[in-house]
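Quick note, the sequences are listed as chains B and X, same order. Counting with the working numbering, you get residues 95 to 262 for the letters of the first sequence. Counting with the working numbering, you get residues 693 to 803 for the letters of the second sequence.
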Amino acid sequence: MIFNTMMFMIWFSVWILLSWPIEIKDVISGILVALFVMFMTTGVMGPKDLSGRKNISLLGYLGRAMWFVCYVFVFLWECLKANIDVAYRVIHPDLLIRPGTIRIRVSLKSDIGLTFLASSITLTPGMTTIDIDKVNGVLYVHKLYIKDDDRKLAVVDKFEHILSRIFE
Amino acid sequence: MNEAIGSVLIVIGLAFDFFGCLGLIRFPDVYTRLQASAKCITLGTCGIILGLVCYKGFGATSIKALLCLIFIVLTAPVSAHALARAAYRSGVKPWAGTVVDDYSEDMDKIK
């Protein structure tokens, strides 16, 4: 119930922002659309996917929201660093790349947590996620510059630590 | 003042877009090119949108531009991932200078 209400608020505010100078007809159509989207997505994103625990209290959601804000700032910083890194490799005369695909072990279990981890890896430290093996908990990652000890990466650990607080 | 900050952000965004396109030409194979385009072009477009927001001030245009920014950041990595996976599955070989290739060893085992 709390989850559905929160999703409704999110979809409704997206609708309101999209049709910004708001009139009464926008509010009415917004309520209808937000209700429809809420019922369609609650099975995909609902709390039963968050590792089987169905009842999360309001305080629990607040804690998760705080961790999410923290995640956004860490993500933006890493994104900026990664972009400067890639731009440097592009303009370097010797084209500093040693590409390859590697396995990375992860401990996240939930679908939405893994999705967030894979997407943040793609946008951050010189890597692109190619595939996920959900059974064994392995991400296959294409990396631009491979050093010898790359099977366990500090950046991935950092993201995993934060995301496990949000989605597990 | 706002216009100055906006112009600087737009120039930074254009610079990153330029590096992304340059990477698209200079890098040797599909996967490395995908990296250059997915990363640099996401930040480049974000820079241009943020510059527009500074330029215009807070209003209907800026709110819609910020929503576009959120949707670009959410969808760009998903498309990059789908393209890389489809290329690997349809047999596009990585560049000859590739150091390790764990994924093609394990590719058939994953459902």
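All C-beta atoms, glycine included, are put in the ideal place defined by N, C-alpha and C.
Quiz prompt | Interface positions of the stretch 200 to 225 of chain B facing chain X (Cβ-Cβ less than 9 Å), listed along the chain | solution = THR209, ALA212, SER213, SER214, ILE215, THR216, LEU217, THR218, GLY220, MET221, THR222, THR223, ILE224, ASP225
Quiz item: With respect to the beta strand (DSSP E) encompassing ILE256 (chain B), which residues constitute its N-terminal and C-terminal limits?
Solution: No beta strand (DSSP E) holds ILE256 (chain B); the alpha helix (DSSP H) holding it covers 248 to 261.
Quiz item: When DSSP labels each residue in this structure, what does SER145 (chain B) get in the three-state scheme?
Solution: Residue placement at SER145 (chain B) is poorly supported in this model, since its pLDDT is 45, which falls under 50; the coordinates are not used for a value here.
Quiz prompt | Any C-beta of chain B under 7 Å from that of ASP800 (chain X) | solution = no
Quiz item: Between the stretch 109 to 136 of chain B and chain X, which residues of the former have a C-beta closer than 7 Å to a C-beta of the latter?
Solution: LEU111, LEU112, TRP114, PRO115
Quiz item: Could you give the C-beta distance for THR195 (chain B) and TYR234 (chain B), rounded to a whole number, given that I count them as a contact under 8 Å?
Solution: 6 Å
Exercise. Alpha carbon to alpha carbon, how far is VAL770 (chain X) from VAL229 (chain B)? Give it in angstroms, no decimals.
Key: 21 Å
Quiz item: Which residue spans inside the stretch 190 to 214 of chain B form an unbroken beta strand (DSSP E) run of at least 3?
Solution: 194 to 199
Quiz prompt | LEU144 (chain B) versus ASP794 (chain X): straight-line alpha-carbon distance, rounded | solution = Unreliable placement is indicated for LEU144 (chain B), whose pLDDT of 48 sits below 50; no coordinate value is reported for it.
Quiz item: chain X beta carbons: is any one of them nearer than 7 Å to that of ARG259 (chain B)?
Solution: no
Quiz item: Which residues of chain X have a Cβ atom closer than 9 Å to the Cβ of ALA159 (chain B), listed in chain order?
Solution: Near ALA159 (chain B) there are no residues of chain X at all, since even the closest Cβ is about 16 Å away, more than 9 Å.
Quiz item: Are THR724 (chain X) and PRO193 (chain B) close, meaning C-beta to C-beta below 7 Å?
Solution: yes
Quiz item: DSSP on HIS236 (chain B), reduced to helix/strand/coil?
Solution: strand
Practice problem: Establish whether the CB of ASP188 (chain B) and some CB of chain X are separated by less than 7 Å. | Solution: no
Exercise. Report the partner residues of ILE226 (chain B) according to the DSSP bridge assignment.
Key: B:LEU233
Self-check item: Beta-carbon gap between PHE708 (chain X) and LEU735 (chain X) smaller than 7 Å
Solution: yes
Quiz item: When burial is assigned at 16 or more other CB atoms within 10 Å of the CB, is PHE253 (chain B) buried or exposed?
Solution: buried
Quiz item: Opposite ASP793 (chain X) in the DSSP bridges: which residues?
Solution: B:THR195
Practice problem: Check the Cβ of TYR780 (chain X) against every Cβ in chain B and list those closer than 7 Å, keeping chain order. | Solution: ILE224
Quiz item: Looking at the unbroken alpha helix (DSSP H) that takes in VAL784 (chain X), where does it start and where does it end?
Solution: It is not in any alpha helix (DSSP H) - VAL784 (chain X) carries neither H nor E in the DSSP assignment.
Practice problem: Have a look at B:ARG197, B:ASP179, B:VAL131, B:SER214 and flag the residue whose alpha-carbon is nearest the alpha-carbon of LEU766 (chain X). | Solution: B:SER214
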